[in-house]
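**Q** Have a look at the structure that comes next, please.
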Amino acid sequence: MKAGLMDGDPQRLGGYWLAGRLGTGGQGVVYEAYDAEGRRVAVKVLHGDAGTDPELRGRFGREAAAARRVAPFCTAGVLDADLDGPRPYIVSEYVEGPTLRRAVAEGRRFTGGDLHRLATAIATALTAIHEAGVIHRDLKPDNVLLGPDGPRVIDFGVARTADMSLSATGMVAGTPTYMAPEIFMGERAGTPADVFAWGGIMVFAATGADPFRAESLGGVMHRVLSVQPQLDMLPERLRPFVAASLAKDPEARPSARDLLLALISGEDGLDTPELLAAGSDAGARVRVPAADPTLGTLAEEVYAGLGPAERDLAPEVFLRLVTVTDDGQLIVRRAQWAEFLDGRHENEAAAVRRLLEAFAYLLSSDDQEIWLSRPALPQAWPKLRTWVQANRDGLVVHRGILAAARRWQSQGRKDGDLLQGSGLENAMHWAATGRRNITLSPVERDFLEAGAALARRRARRSRLLSATLAVLLVAALLAGALAVQQNRAADARSAVIASQRDSAEARRLAAIADSLRVADPVRAMLLSVAAWRLAPVTEARASLSGSLTQWETAAFHDPATSIQTLRALSRDGRTLISAGEGEVRVWDVRTGRRTGGFKGIGGDLRALALSPSGRLLAVISDLELKVWDVTTGRPTGVTLTVQGRFDGGDTGASFGQAENRLAVFQGEALTIVNLTTGKKRSPPTSGSFDISPDGHGLVIGGIDGMVTAWTLDRLTGVRLGGRCDGCALGVTYSPDGKTVAVARDKSIELRNAFTGAKLDRLFEEGGSGDMVFSPDGRFLSVANETSLKLWRVRDGRLLLTQKINALSPVVAFDPDGRTLRYLTESSVTTLDTTALTRPVMLKGPATNWAELSPDGRLLASRETETSEVVLRDVRRRTRVAALEVGPVRDDGHLEMAFSGDGRRLAIQTGGERPRLTVWDTATFRRIAAVAVKRDAQAIAVAINADGSLVASYANYQDVRKAPQGRGEIHVWQVPGGHPRWSRHQESVEGLVFSPDGKALAPVGGDQRLLDAATGKPFGRAYGSPGVGIPTTALAFGRDGARFATADQAGRISVWETASRRRVGILVRSGAGAGFELAHSPRGDVIAAGTGERAVALWDVETGLRLGQPITVLTGDLRSLAFNADGSRLMMIDSGGVLVDHPIDPELVASTVCARAGRTLSRGEWSTYLNGVPYQNVCPV
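4 is the number of the first residue of the sequence shown in my numbering; add one for each residue after it.
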């Protein structure tokens, strides 16, 4: 944790809550912060005075733009930026670790391979920076962070792009001891200046001293210009590279790419992405102990150490330190000590004090008040987020009670300050039935009781007056009319109260459902349906949508609770063995029923191993290993003597994939036992291992960093790749025993089990953990403490990354080909992966290029090597026509667009002879062919609602053919193909006509609507709220009154078409989101592609994401569209997988009910909704 906030520091900037200061400089401050989902980020903010300086604002904007252009290799990526507000800021990844300067100051020196890896990482970062056309200009040890995944270069505060000139003042920017000689000579800093700084950093990392340090700036200049630092302390291999980088002549220095190439391999066959990936992998091996826990981790550690009394009090104590405003914004508040202590029993008050003392690091206080010293805690700590979510409506009500009670107390408890009417009724109703974790203080209780007493007294006086006047007929009639009116008002108030109660209950149920996704997936689904049935609030809809996209479908929890219990999951994931207290219990995890068991296994249980068939169980108890027949519950007769618990390390056993081979490891010794013959084999090394299905092969990821495949008959070995020092190795055989998957830190490679040859598939984002192939060998899964991943073997495609919180998980494929399970501690969780392992694919040519019609009714697609565009009926999934558009052009590019009514299709190809044709989708005839300039690359095409105008954007390789710029928009009349107008415009990524056909909206570049008839821009600009962040997609609503845009930072905005004003809440969907965008015809939902294979849904009015992203595609997303009534979303990927996803909440609810397979029982209802009349949420 870093320093806390200071007086005057903001608590929040945009959607980011600040937790403390990471550092400060002349221009600004860098804060640790957290976003709405608890993600840790770094926020750089200009000082107040600096924010008013146009030059500094401009430099700040250039920093954001420069950083965004850099590929994310050994750099900290920029996630967001707001450059227009009163306090401009940039949001980047948070790198957990010290700066290189701090690490060296604390005594660390880099030598040998460690220094080489550091050099490689920083050279990788410089290569990525320079490839983006950026010059860092202030590379120094302070701007290198040593993160858990390797070094990262940060801070582009004085970076410039290569085409920027020196400032008008001629000032130099950077740190003198790392400036290149040419800068002191008044020359412009280029990429060689960064290489010079790289060399200086290498000297510093090895020696702990700045290479050109002197007492004054003049002394520094002299040393930089004339002194060559000593390099004798550097490794011999690295020394010539550093010497060359420190050459006084910039022309004599190598480029960053040449440096990286030399450091990696010395081979020139790698392209830049491969080179950067290799450099990043090498840098990741620079190890730094993790000593920078998140705010949430710190809070959770303190909470875990609390006693039961303090834990019970924690929700109400922390909910006193936050509140919710009338417009739904969560804010922190200062609470008086009296709110925590007054009216409590002495023991309870003491527990409150102990709780506050335990969290002293995260709290501040004085004699009167206590408050959160880290305002980001409500976002950073998941437990507190859950408490807030479950009590959100109550916090609004309580804020009103608290303010009114304080006023009443300070004014002498006068009746005039009490709540009355509906305000009192709402407060009393919440206090009586709606409170969850908020306890009223004595003053608040007195305040509500006084208000209720006053209401009762006034009611009695009213009844006495009515009795006195009852003798008068007219008065009686008036009183009757008044009673009717009062009854109606009371009924209306009751309806409002009931609606508020239901809304609050729905939000609470939704929060509970989201918290149960892993622990009880079926109940989570049913509670989300119940929340929606109770009140259709956005939170309930989001939870309901989450139940449709969650992978978890079941969870089995072992009833055994003893900490001495050991468990084993069968290879097919269907059986759980639970052993402890002398007994073995066998469970069917699919039904939750016990199917067998036996006793007599001994008391001091140390290890279990289950054979691949689940028939044999090896048990290590006391000093004996015994093999049992699970079906009969009898020993098989195989016994082995093992070493004692404290006689040389852990003892364990594993069957691998062979039924009759048992591996026994004792410390670092490994023995393979043939259970049929009794023969034993002891390989010369140990580590992670697997036994081949036929029992003849053994593969070991050794503790020496080598992977070797051994034959068990003669113990001859074949190396599977080179040594990987410090790697966490993992190995497993394929089902046929011919292939071995080898996990090395962040990737997994496939090797021939007999020759060691590397196969042409690499599984990126891999890593160590429990690794297993599917029974048919088509898929590979790895589970570790934080994630479960699933790859497709034939192409190495990562299909699923599921976050889990597990201790030593064991993963298993069910033979049904649809189910994946993992065991952690006492629970087995089931994932339904049918959409990934058995996707429903379109018949016929693949969909390398694909476009859905605006109503999702038609699909146009083309494979790479064909000359036809295939037209399909989406609902029937049938092919209806093939449109001959000609052979694939030189650049292999194709753009397609349907008219708004789907009746016409525009197709544009690129290359030397680009073609633009328009087709009738009913008759399948070509109705127009447009002459496009030669040598134009097709970037975008659009056709208006009725198909009468077609627009194209082309980028010309030869600027002479477009003297006003490389890019040009053209519009033609259809049919006929006569030109209407053209306009030069740069950096356009897409074109979209408005539904009425009167406007054309460019995506990217100068973002103003164009008059479709003339091409003239009109109205205000739209697009990204930040400078230099391009828009990537645009979609109009059905009536054209609004449209949505997405930018490269992953932000989605909704605009009024007429005024171009933003409406609703700016959605921050994550970097890279929004290259595909669709606006529901109902106007309530936006669908956006997030990454290559995921689609997220967002509520337009609230900006809330509706559940987790839809990640059922197995190829890259190509197109998405809502159907005509907005009830369903259609998605198509590059592999021909067409997904029809329900959007209408009632459709979603019925689908979720079918997935759950039952309804919510009355017992479950009373547990979660006691006092609310029962509803059958999933009627048959």
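For every residue, glycine included, the Cβ atom is placed at its ideal position computed from N, Cα and C.
Model, not experiment: these values are computed from the prediction.
(1) Runs of 4 residues minimum, wholly inside the stretch 979-1017: which ones carry the alpha helix (DSSP H) assignment?
(2) In terms of residues, what are the limits of the alpha helix (DSSP H) holding residue 386?
(3) Just to check my reading of the structure: residue 661 and residue 695 have Cβ atoms closer than 8 Å, yes? What is that Cβ distance to the nearest angstrom?
(4) Closer than 8 Å by C-beta to residue 624: which residues in its own chain qualify, once you throw out the five before and the five after it? Chain order, please.
(5) Taking only the alpha-carbon atoms, compute the straight-line gap between residue 443 and residue 13 and give it to the nearest angstrom.
(6) By the DSSP assignment, the alpha helix (DSSP H) with residue 211 in it spans what residues?
(7) Might you give, ordered along the chain, the residues of its own chain that have their beta carbon closer than 7 Å to the beta carbon of residue 25, omitting 5 neighbours on each side?
(8) Could you tell me which of 1065, 1071, 1046 and 1061 sits nearest to residue 1086, measuring between CA atoms?
(9) The alpha helix (DSSP H) with residue 315 in it runs from where to where?
(10) Count the other CB atoms, across all protein chains shown, that sit within 10 Å of the CB of residue 185; report buried if there are 16 or more and exposed otherwise.
(11) Quick check: what's the CA-CA separation for residue 1136 versus residue 513?
(12) How far does the beta strand (DSSP E) with residue 757 in it extend, from its first residue to its last?
(13) Determine the direct distance from the alpha carbon of residue 400 to that of residue 1033, and round the result to whole angstroms.
(14) Which of the three DSSP states, helix, strand or coil, is assigned to residue 1108?
(15) For residue 236, is the classification buried or exposed, using 16 other Cβ atoms within 10 angstroms of its Cβ as the cut-off for buried?
(16) Is the Cβ-Cβ distance between residue 266 and residue 126 less than 8 Å?
(17) Is the stretch 948-958 close to the stretch 995-1006, with three or more CB pairs under 8 Å?
(18) Under DSSP, the alpha helix (DSSP H) around residue 243 begins and ends at which residues?
(19) Would you say residue 194 and residue 259 are within 8 Å of each other, going by their C-beta atoms?
(20) Looking only at DSSP bridge pairs, what is residue 795 linked to?
(21) How would you write the range of the alpha helix (DSSP H) that residue 298 sits in, first residue to last?
(22) Since residue 61 and residue 47 should fall inside the 8 Å C-beta cutoff, what is the C-beta to C-beta distance between them, to a whole number of angstroms?
(23) Hey, residue 796 and residue 757: beta-carbon distance below 8 Å or not?
(24) Could you check if residue 634 is buried or exposed, using at least 16 other CB atoms within 10 Å of its CB as the buried criterion?
(25) Can you tell me the Cα-Cα spacing of residue 469 and residue 462, whole angstroms?
(26) When you compare only the Cα positions, how much space is there between residue 124 and residue 133?
(27) Please list the terminal residues of the continuous alpha helix (DSSP H) segment that includes residue 87.
(28) Give the secondary structure of residue 844 by DSSP, where H, G and I count as helix, E and B as strand, and everything else as coil.
(29) If you draw a straight line from the C-alpha of residue 106 to the C-alpha of residue 153, how long is it?
(30) Quick check on the burial criterion: 16 or more other C-beta atoms within 10 angstroms. Buried or exposed for residue 779?
(31) With DSSP run on the structure shown, which of helix, strand or coil describes residue 1162?
(32) Report the option in 445, 457 and 394 whose CA atom is closest to the CA atom of residue 424.
(33) At which residues does the beta strand (DSSP E) containing residue 1133 begin and terminate?
(34) Going along the chain, which residues of its own chain have a beta-carbon closer than 7 Å to the beta-carbon of residue 857, five neighbours each way excluded?
(35) I'd like to know whether the C-beta atoms of residue 751 and residue 743 end up nearer to each other than 8 Å.
(36) Given a cut-off of 8 Å, decide if residue 1049 and residue 1035 are closer than it, judged by their beta-carbon atoms.
**A** Let me lay it out:
(1) none
(2) The sequence position of residue 386 within the sequence shown is 383, counting from 1. Residue 386 -> alpha helix (DSSP H) spans 385-393.
(3) As a position in the sequence shown, residue 661 is number 658, starting the count at 1. As a position in the sequence shown, residue 695 is number 692, starting the count at 1. Rounded, the Cβ-Cβ distance is 7 Å, consistent with contact.
(4) Translated into positions along the sequence shown, residue 624 becomes position 621. Closer than 8 Å at Cβ, skipping near neighbours: 604, 605, 606, 607, 608 and 609.
(5) Position 440 of the sequence shown, counting from 1, holds the residue named residue 443. Position 10 of the sequence shown, counting from 1, holds the residue named residue 13. Near 30 Å, if we compare the C-alpha coordinates of residue 13 and residue 443.
(6) Along the sequence shown, read from residue 1 onward, the residue named residue 211 stands at position 208. Neither: residue 211 is in no alpha helix (DSSP H) and is coded neither H nor E.
(7) Against the sequence shown, residue 25 aligns to sequence position 22. Taken in chain order, the residues that qualify are 5, 33, 34, 35 and 45.
(8) To locate residue 1086, count along the sequence shown from 1; it is residue 1083. Here the closest residue by C-alpha is 1046.
(9) Stepping through the sequence shown from its first residue, residue 315 is reached at position 312. For residue 315, the uninterrupted alpha helix (DSSP H) run begins and ends at 311-322, by DSSP.
(10) Locating residue 185 in the sequence shown gives position 182, where the first residue counts as 1. Counting every other CB atom within 10 Å of its CB across the protein chains shown gives residue 185 a total of 16 or more, marking it as buried.
(11) Position 1133 of the sequence shown holds residue 1136. Position 510 of the sequence shown holds residue 513. Across the structure, residue 1136 and residue 513 are spaced so that their CA atoms are roughly 31 Å apart.
(12) Locating residue 757 in the sequence shown gives position 754, where the first residue counts as 1. Taken as a continuous stretch (DSSP letters only), residue 757 belongs to no beta strand (DSSP E), as it is neither H nor E.
(13) Mapped onto the sequence shown, residue 1033 falls at position 1030. Mapped onto the sequence shown, residue 400 falls at position 397. Each residue's CA atom was taken as its position, placing residue 1033 and residue 400 some 42 Å apart.
(14) Taking the first residue of the sequence shown as 1, we reach residue 1108 at position 1105. Correct three-state label for residue 1108: strand.
(15) Counting from 1 along the sequence shown, the entry for residue 236 is found at position 233. Burial call: exposed.
(16) Within the sequence shown, the letter at position 263 stands for residue 266. Within the sequence shown, the letter at position 123 stands for residue 126. Contact: yes.
(17) Output reads yes: the stretch 995-1006 touches the stretch 948-958.
(18) By one-based count along the sequence shown, residue 243 stands at place 240. That run of the alpha helix (DSSP H) goes 242-248.
(19) One-based indexing of the sequence shown puts residue 194 at position 191. One-based indexing of the sequence shown puts residue 259 at position 256. Contact flag set, yes.
(20) Along the sequence shown, read from residue 1 onward, the residue named residue 795 stands at position 792. Looking at the DSSP assignment, residue 795 forms a beta bridge with 782 and 800.
(21) Taking the sequence shown and counting its residues from 1, one reaches residue 298 at position 295. Unbroken alpha helix (DSSP H) run through residue 298: 298-307.
(22) For this step, residue 61 is matched to residue 58 along the sequence shown. For this step, residue 47 is matched to residue 44 along the sequence shown. Residue 61 to residue 47, Cβ: 15 Å. No contact.
(23) Position 793 of the sequence shown, counted from the first residue, corresponds to residue 796. Position 754 of the sequence shown, counted from the first residue, corresponds to residue 757. Contact: no.
(24) Reading the sequence shown from its first residue, position 631 is the one you call residue 634. Label assigned to residue 634: exposed.
(25) Sequence index remark: in the sequence shown, residue 469 carries index 466 (1-based). Sequence index remark: in the sequence shown, residue 462 carries index 459 (1-based). In this prediction, residue 469 has a pLDDT of 41, which is less than 50 and means its spatial position is unreliable; nothing more can be read from the coordinates.
(26) Numbered from its first residue, the sequence shown carries residue 124 at position 121. Numbered from its first residue, the sequence shown carries residue 133 at position 130. Approximately 14 Å between the Cα atoms of the pair.
(27) Locating residue 87 in the sequence shown gives position 84, where the first residue counts as 1. Counting along the chain, residue 87 falls outside any alpha helix (DSSP H), and DSSP gives it neither H nor E.
(28) Within the sequence shown, the letter at position 841 stands for residue 844. The answer is strand: DSSP assigns residue 844 an E or B state.
(29) Position 103 of the sequence shown, counted from the start, is the residue given in the question as residue 106. Position 150 of the sequence shown, counted from the start, is the residue given in the question as residue 153. When rounded, the distance between both Cα atoms is 13 Å.
(30) Taking the sequence shown and counting its residues from 1, one reaches residue 779 at position 776. Looking at its Cβ environment, which holds fewer than 16 other Cβ atoms inside 10 Å, residue 779 is exposed.
(31) To locate residue 1162, count along the sequence shown from 1; it is residue 1159. Residue state, collapsed to three classes: coil.
(32) Counting from one through the sequence shown, the residue named residue 424 turns up at place 421. Nearest C-alpha to residue 424 among 445, 457 and 394: 457.
(33) Walking along the sequence shown from the start, residue 1133 turns up at place 1130. Counting along the chain, the beta strand (DSSP E) containing residue 1133 begins and ends at 1131-1136.
(34) Start at 1 with the first residue of the sequence shown, and residue 857 comes out as number 854. 901, 903, 905 and 1124, listed in sequence order.
(35) Numbered from its first residue, the sequence shown carries residue 751 at position 748. Numbered from its first residue, the sequence shown carries residue 743 at position 740. Result no, Cβ atoms of residue 751 and residue 743 do not sit closer than 8 Å.
(36) The count along the sequence shown starts at 1 and reaches residue 1035 at position 1032. The count along the sequence shown starts at 1 and reaches residue 1049 at position 1046. Closer than 8 Å, so yes.
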